[in-house]
Every structure is written in C-alpha cells, then in structure tokens.
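Asks: Starting off with a structure, shown below.
Protein chains: 2
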Amino acid sequence: MDRIPILKMGPVLLVSIQVDMHDQLALTLQDDLTDRIVTTRARGVLIDISSLEVVDSFIGRMLGNIAAMSKVLDAETVVVGMRPAVAITLVELGMSLTGVRTALNVERAMEILGAATGNGGTPPGEVTDGRHPD
Amino acid sequence: MDRIPILKMGPVLLVSIQVDMHDQLALTLQDDLTDRIVTTRARGVLIDISSLEVVDSFIGRMLGNIAAMSKVLDAETVVVGMRPAVAITLVELGMSLTGVRTALNVERAMEILGAATGNGGTPPGEVTDGRHPD
Chain A
1 MDRIPILKMG PVLLVSIQVD MHDQLALTLQ DDLTDRIVTT RARGVLIDIS SLEVVDSFIG
61 RMLGNIAAMS KVLDAETVVV GMRPAVAITL VELGMSLTGV RTALNVERAM EILGAATGNG
121 GTPPGEVTDG RHPD
Chain B
1001 MDRIPILKMG PVLLVSIQVD MHDQLALTLQ DDLTDRIVTT RARGVLIDIS SLEVVDSFIG
1061 RMLGNIAAMS KVLDAETVVV GMRPAVAITL VELGMSLTGV RTALNVERAM EILGAATGNG
1121 GTPPGEVTDG RHPD
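Protein sequence lines, in the order shown, are assigned to chains A and B.
As numbered in this note's numbering, residues 1 to 134 make up the first sequence, in order.
As numbered in this note's numbering, residues 1001 to 1134 make up the second sequence, in order.
Below, the structure is given as structure tokens:
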C-alpha cells in the first residue's frame, strides 16, 4: 500500500482512510490530493475516517494540514464517519480539528459541499455542481 | 481492520477496497453489503479496486459473488479503477468476471448506474435515482 486512492465524484474528491497512516503515506496523500484539487478543479474534499478506531495527534494534524492546504486551493474539507469514541478521544486530547468541518455521513457532507448526489438532496435554488450560480 | 467501510451516496453504495482481503473480511463485507442494500434500498454497488495491484482468483470470485448477491437484491454492481496490469492478469488467468460490470472511474460508473453525482452527468430523460421513470 503506497498511496491512498482519491475518487473524483463530480466537484468533490473522496478519500477513504482505512489503513494506518505513517509519515510517508501522509505526505504522499497530501501531494496527491493537492495535485488532484488543481487538475480537477475540485471544490470539496471529503475524508472518510469511519474505519479508524483511533485518531491520534498525528492523524489529527494531518487532517488539519489537508484542510488548510485545500482551503488555500479554494476547496473545502469535510471529515465524515467519525466514531463516537474518536470524538471523545479528540476532545480529551484537546484537539479541536481547527478548520476541519465534520459531517455524520457522506450524504450530509455532500449537502454541506453543495454537491448533492443526484438523490433529490439538492436544496431548491442551489446549483448542483457547488459553483456560483452565475 | 475488521471491516471495510461502505459509503452511501444517494442510491449507490460505495466500497473502496484498499487492504488485503482474507476469508473473514470477504465474508464480513458480503454480509454488510447485502444488509446495507436491503436497509438503504440501494440500486447500485460501486467497488473501487484502484489500490489493488493484484487481483487473484480469490478476489475475482469475491467480486463475482458480490455482484450475484446484489443482482438478486435488485442492485447492479460496477467495479471501477482496475489497473491495466490487473486487467492483463485477469485475462491471463482466464477470469472473465462474469456478471460484473466495470468502469474506468467513479463518474463513469455513476453514469452507468443512472445516478450522476450532480455534475451534469445524467443523460437527458434519465431519472437520477436509477429507478424506472414511471
């Protein structure tokens, strides 16, 4: 496992983190993701951490970094699927995940990113590709 | 890693396989996926194998099983992200992945499943949730 796959879904890039992150993997993910944001003109990054039983300070910092990098590339980051135990640990560790938005599941995250999945989830008057109406 | 996460995106369930499959993990995935198809009334299953460098006969059989199970639950399975080397190996092994549709990437698969991601990918006259127009 040398890199984590990045899936493009409309204007959103989806990353599902399922393996233990180590330094090199995190750096590769940051490189790949920023490249893909630029080449695909993505407006949102969606990171699924539902398989992670533990989010330590390393992962927390990585999520913060990704969010900050995406932000300067004009893409918003939403972390989805956080387990209750992970939320408890994060708060106990004093990690607030600054700049990282969270959502309960992918569909809620897609709504936040203004990119509903074609299931009638788009609010009236909102364009579906997450860009400005004009 | 005891189970592979299943992400619901509208009428489609998305599974990204990133780790080495073993018997128990494959069985758990089949159980989880069939459960989720029924509970979410999903019409499509999308399996991303872009991180797999090798698809052996075990994985091939698992994909075929998942496709067959989804089929009887009225959901179509599309495998995406197959690497060229994997395609070569599959053919050389004589595995035709019967009943499994493939697509180059998630967006093409979403089009096949009639569930475009809100990026204007839905063909005219086709409903976006993959069900019959009437």
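Backbone N, C-alpha and C define an ideal beta-carbon position, used for all residues, glycine too.
Going along the chain, which residues of its own chain have a beta-carbon closer than 8 angstroms to the beta-carbon of B/Arg1036, five neighbours each way excluded?
Replies: One-based indexing of the second sequence puts residue 1036 of chain B at position 36. So the list reads Ile1006, Lys1008, Leu1013, Ala1042, once near-sequence residues are dropped.
Asks: In chain order, what residues of the same chain have a beta carbon less than 8 angstroms from the beta carbon of B/Gly1099, not counting five sequence neighbours either side?
Replies: If you number the second sequence from 1, residue 1099 of chain B lands on position 99. Counting only Cβ-Cβ distances below 8 angstroms, and skipping sequence neighbours, we find Gly1064, Ala1067, Ala1068, Lys1071, Thr1077.
Asks: Please report the distance separating the alpha-carbon of B/Gly1114 from that of A/Asp48.
Replies: Working through the second sequence from its first residue, we reach residue 1114 of chain B at position 114. Working through the first sequence from its first residue, we reach residue 48 of chain A at position 48. Rounded to whole angstroms, B/Gly1114 to A/Asp48 spans 24 angstroms at the Cα level.
Asks: Applying a beta-carbon distance threshold of less than 8 angstroms, which residues of chain B neighbour A/Asp48?
Replies: Counted from its first residue, the first sequence places residue 48 of chain A at position 48. In chain order: Pro1005, Leu1007.
Asks: Between the segment 1014-1046 of chain B and chain A, which residues of the former have CB atoms less than 7 angstroms from a CB of the latter, in chain order?
Replies: Ser1016, Gln1018, Val1019
Asks: Roughly how many angstroms lie between the CA atoms of B/Ala1026 and B/Val1079, to the nearest whole one?
Replies: Locating residue 1026 of chain B in the second sequence gives position 26, where the first residue counts as 1. Locating residue 1079 of chain B in the second sequence gives position 79, where the first residue counts as 1. Taking the straight line joining both Cα atoms gives about 16 angstroms.
Asks: Under three-state DSSP, which class holds A/Gly64?
Replies: Numbered from its first residue, the first sequence carries residue 64 of chain A at position 64. If DSSP states are grouped into helix, strand and coil, A/Gly64 belongs with the helices.
Asks: Starting from B/Asp1048 and walking both ways along the alpha helix (DSSP H), at which residues does that stretch end?
Replies: On the second sequence, position 48 is the one that residue 1048 of chain B refers to. Note, B/Asp1048: premise wrong, no alpha helix (DSSP H); beta strand (DSSP E) at 1044-1048.
Asks: Give me the residue from A/Thr102, A/Ala75, A/Asp74, A/Gly10 with the minimum Cα distance to A/Arg83.
Replies: By one-based count along the first sequence, residue 83 of chain A stands at place 83. Looking at the Cα atoms, A/Thr102 is the closest of the given residues.
Asks: Cα separation between A/Ala87 and A/Val45?
Replies: Start at 1 with the first residue of the first sequence, and residue 87 of chain A comes out as number 87. Start at 1 with the first residue of the first sequence, and residue 45 of chain A comes out as number 45. Those two C-alpha atoms are separated by around 20 angstroms.
Asks: If we define contact as Cβ-Cβ less than 8 angstroms, is A/Ser51 a contact residue for chain B?
Replies: As a working mapping, residue 51 of chain A is identified with position 51 in the first sequence. Chain B contact via Cβ: present.
Asks: With 9 angstroms as the C-beta to C-beta threshold (strictly closer), list the residues of the segment 1095-1110 of chain B near chain A in chain order.
Replies: Against chain A - using a Cβ distance shorter than 9 angstroms - the residues of the segment 1095-1110 of chain B are Asn1105, Val1106, Glu1107, Met1110.
Asks: Does B/Gly1081 get closer than 8 angstroms to chain A when you measure Cβ to Cβ?
Replies: For the purposes of this step, residue 1081 of chain B is taken as the residue at position 81 of the second sequence. Chain A, which has a Cβ nearer than 8 angstroms to the Cβ of B/Gly1081, makes this yes.
Asks: The alpha helix (DSSP H) spanning B/Ala1103 covers which residue range?
Replies: By one-based count along the second sequence, residue 1103 of chain B stands at place 103. Where B/Ala1103 is concerned, there is no enclosing alpha helix (DSSP H), although the beta strand (DSSP E) it sits in stretches over 1101-1103.
Asks: Quick one: which unbroken beta strand (DSSP E) runs of 3-plus residues sit fully inside the segment 1002-1037 of chain B? Chain order, please.
Replies: Runs found: 1006-1009, 1012-1016.
Asks: Report buried or exposed for B/Gln1024, applying the criterion of at least 16 other Cβ atoms within 10 angstroms of its Cβ.
Replies: Indexing the second sequence from 1 puts residue 1024 of chain B at position 24. The residue is exposed, with fewer than 16 neighbouring Cβ atoms inside 10 Å.
Asks: Quick check on this structure: which residue in B/Arg1003, B/Asp1002, B/Gly1010, B/Ile1004 has the alpha carbon closest to the alpha carbon of A/Glu107?
Replies: Here residue 107 of chain A corresponds to residue number 107 of the first sequence, with the count starting at 1. Comparing Cα positions, the closest option is B/Gly1010.
Asks: Between the Cα of B/Val1055 and those of B/Leu1104, B/Glu1111, B/Gln1018, B/Thr1039, spot the shortest distance and give me the residue it belongs to.
Replies: If you number the second sequence from 1, residue 1055 of chain B lands on position 55. When each option's Cα is compared against that of B/Val1055, the closest is B/Gln1018.
Asks: So, at 7 angstroms on beta carbons, what are the nonlocal neighbours of B/Ile1112 in its own chain, with the 5 sequence-adjacent residues on each side left out?
Replies: Here the question's residue 1112 of chain B lines up with position 112 in the second sequence. Correct list, in chain order: Val1078, Arg1101, Ala1103.
Asks: Span of the beta strand (DSSP E) holding A/Thr77?
Replies: Along the first sequence, read from residue 1 onward, the residue named residue 77 of chain A stands at position 77. Element bounds for A/Thr77: 76-80.
Asks: Residue range of the alpha helix (DSSP H) that A/Met95 falls in?
Replies: Start at 1 with the first residue of the first sequence, and residue 95 of chain A comes out as number 95. Careful: A/Met95 lies outside any alpha helix (DSSP H) and carries neither H nor E.
Asks: Please report the straight-line C-alpha distance between B/Ala1075 and B/Asp1032, rounded to a whole angstrom.
Replies: The residue labelled residue 1075 of chain B in the question sits at position 75 within the second sequence. The residue labelled residue 1032 of chain B in the question sits at position 32 within the second sequence. Those two C-alpha atoms are separated by around 14 angstroms.
Asks: Identify, in the order they occur along the chain, each residue of the same chain with its Cβ nearer than 6 angstroms to the Cβ of A/Thr40, setting aside the five sequence neighbours on each side.
Replies: On the first sequence, position 40 is the one that residue 40 of chain A refers to. Cβ within range, chain order: Lys8.
Asks: Taking Cβ positions, are B/Leu1029 and B/Ile1004 nearer each other than 8 angstroms?
Replies: Taking the second sequence and counting its residues from 1, the one referred to as residue 1029 of chain B is at position 29. Taking the second sequence and counting its residues from 1, the one referred to as residue 1004 of chain B is at position 4. Cβ distance < 8 angstroms, so B/Leu1029 and B/Ile1004 count as in contact.
Asks: Please confirm if B/Ser1070 has its CB atom under 8 angstroms from at least one CB of chain E.
Replies: In summary, chain E is missing from the structure at hand, where the protein chains are A and B.
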